[in-house]
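In case it helps, the numbering used here puts the sequence shown at residues 1030 to 1506.
Idealized CB from N, CA, C, for every residue including glycine.
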Amino acid sequence: MADTPVLTLYNTLTRTKGPFTPIDPQNVRMYVCGPTVYDFAHIGNARPVIVFDVLFRVLRHVFGETAVTYARNITDVDDKINARALRDFGAEIESGRLSLNAAIRQVTEKTANQFHADVAALGCLAPTHEPRATEFVQPRDDGKADMITLIGRLVERGHAYEAAGEVLFDTGSMADYGQLSKRNLDEQQAGARVAVDGHKKNPGDFVLWKRSSPEEPGWESPWGRGRPGWHIECSAMSAAYLGETFDIHGGGLDLIFPHHENEIAQSRCAHGTSVMANVWMHNGFVQVEGRKMSKSEGNFVTIHELLHEDSFGARQWPGEVLRLAMLMTHYREPIDFSVKRLEEAERLLARWPAEGRAERGRVDDAVLAALCDDLNTVAAVQALHGLAGRAAQDAALLDDFAASAALLGVVPRKVEVSGALEAEVEAAIAARLALLKARDFAAADRIRDDLSGRGVQLKDGKDPQTGERVTTWEVKR
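Shown next, in the form of structure tokens:
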């Protein structure tokens, strides 16, 4: 077996790709922004979950399964959650049958549970830690980092100030604010989910803490009863499990500004460090059938709908098909999520063997090299497909194929064939039978070979009543 190739990653912070060197090879640490649990996760939310699951697998393969710590948070305090609770349980809250806090809990529990079920169906491993924002607002008995303590430290160090019932981060107090997004301070827009108000020192100052009305969820703090801003949550939770400085921070491209920029500002200024994370990685956007996904466009689709409802392409899609469709584009590139792409992934999976056992095999050198090249899943899938062809001729390679597929998080199994593929195969069989009757055996064999190359195996027989030739078929792995 060849030596493990050097893992190289593209760093948004430096805009360069280079070798990845962890702070401590025995404790490689990665943080990825997780969902805000007010609604079911859509297909755009699935992309970072899948991308960083592949990275988690690669890191464990390179450095050892017990040497990697992966934290992905759940945001369960947010004004969108409050609004959803009021929308769904307004009558119960108004009548007094249900408190707002209890309604919020019902929304977040239901949504978080659905998120877990959805990403498990996509073949994603559970992260090492999955902290919830509400558990890290106030000082903790175990001494882990919390939001109120971090905010207090920022105030003490002159990086935050109180104004109009809020605590705001002073972007002017940080000389190199804007390094990640490469924006000058003068170009910044408000980084919090509030309008730009006159009480801010700078337009780009963002909320760390805001007052809560009696009807809103809140926690006691030195600045009054309130709730945290968006960005401080991830600064606290990442520090709680990964330390003041860690190796990799990931998320979608849309999070570079303001969220990740403001995370860096808070964390560096609170801890007095030169970086928050050494490597920042961001996946590209997802379009659906060539258009930005939105409910107004009618192309907003959730993971749950794709898995369980006849919504996209008028059918359900297996989780492994959805995952492979995502991995057929490099993570930094935009992806056009379409029925055609899903059918292509399905046909590819139908040609891959399912007989091997990953625990007995070794990862193919070409597959590993591709993944170690900034998660080049496109090249990895191509290498895996080549290995599948060789395994079809040599059963000794089946376990290696399974191990290589597992590194991508793909577990081949027999999948349901789409109606379009079924119609295509039946038409090909009818054409082949006509050629056989005309004794054009060469042309008939070409149809059989073409179907075989696509993973469709034909079996000829005779109708016991009429004696006529009949052909059955199945998709083989």
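- With a threshold of 16 other beta carbon atoms within 10 Å, E1195 meets it and is buried.
- If you draw a straight line from the Cα of G1063 to the Cα of E1362, it comes to about 20 angstroms.
- Nearest to T1045 by alpha-carbon distance, out of A1189, W1346, D1402, is D1402.
- Of all C-beta pairs linking the stretch 1265-1277 to the stretch 1048-1059, three or more are shorter than 8 angstroms, placing the two stretches in contact.
- DSSP assignment within the stretch 1324-1388 yields the following whole alpha helix (DSSP H) runs of 4 residues or more, N-terminal first: 1332-1337, 1348-1356, 1368-1379.
- In the three-state DSSP reduction, E1318 falls in the coil class, being neither helix nor strand.
- For the set N1328, K1466, R1182, the Cα lying nearest the Cα of G1301 is the one of R1182.
- Annotated three-state conformation of R1498 is strand, per DSSP.
- The stretch 1196-1212 makes no contact with the stretch 1318-1327: fewer than 3 CB pairs, one atom from each, lie closer than 8 angstroms.
- If you draw a straight line from the Cα of V1368 to the Cα of E1290, it comes to about 35 angstroms.
- In the DSSP annotation of this structure, the continuous segment of the alpha helix (DSSP H) that includes E1123 starts and ends at 1108-1124.
- Taking C-beta atoms under 8 angstroms as the contact rule, I1364 and R1076 qualify, at a distance of about 7 angstroms.
- Note that the stretch 1343-1353 touches the stretch 1431-1441; at least 3 beta-carbon pairs, one per stretch, sit closer than 8 angstroms.
- Put simply, the backbone Cα of R1344 is about 11 angstroms away from that of L1371.
- With at least 16 other beta carbons inside 10 angstroms of its own, D1234 counts as buried.
- Within a 10 Å sphere around the beta-carbon of Q1167 sit fewer than 16 other beta-carbons, which makes this residue exposed.
- Inter-residue distance for A1306 and I1332 is about 30 angstroms (C-alpha atoms, whole angstroms).
- Three or more beta-carbon pairs separated by less than 8 angstroms link the stretch 1374-1391 to the stretch 1425-1434, which places the two stretches in contact.
- Contact annotation: I1103 and R1161 have beta-carbon atoms nearer than 7 angstroms.
- For M1176, the enclosing alpha helix (DSSP H) stretches over residues 1176-1185.
- Per DSSP, I1052 lies in no beta strand (DSSP E) and is assigned neither H nor E.
- In the DSSP secondary-structure assignment, G1438 is not bridged to any residue.
- In this structure, L1416 sits away from D1394, with a CB-CB distance that is not shorter than 7 angstroms.
- Going by DSSP, H1278 is part of the beta strand (DSSP E) stretching over 1275-1281.
- One Cα belongs to L1487, the other to M1355, and the distance between them is close to 30 angstroms.
- Taking 8 angstroms as the upper bound for CB-CB distance, T1157 and A1100 are in contact here, some 6 angstroms apart.
- Residue pairing by DSSP places K1488 opposite T1501 in a beta bridge.
- DSSP, read as helix, strand or coil, puts W1259 in helix.
- Counting only residues of its own chain and dropping the five nearest sequence neighbours on each side, G1279 has a CB closer than 6 angstroms to the CB of V1061, F1081, M1310.
- Note: R1161 is bridge-paired with I1103 in the DSSP secondary-structure output.
- Per DSSP, reduced to three states, the secondary structure at H1289 is helical.
- For T1140, the closest alpha carbon among the candidates G1152, A1114, A1398 is that of A1114.
- In this structure, DSSP gives H1228 a state outside helix and strand, which the three-state scheme calls coil.
- Less than 7 angstroms separates the beta-carbon of D1276 from that of I1052.
- Beta bridge pairing from DSSP links N1040 with T1045.
- Beyond the five residues adjoining it in sequence on each side, R1461 comes within less than 6 angstroms, by CB distance, of A1473, I1476 in the same chain, given in chain order.
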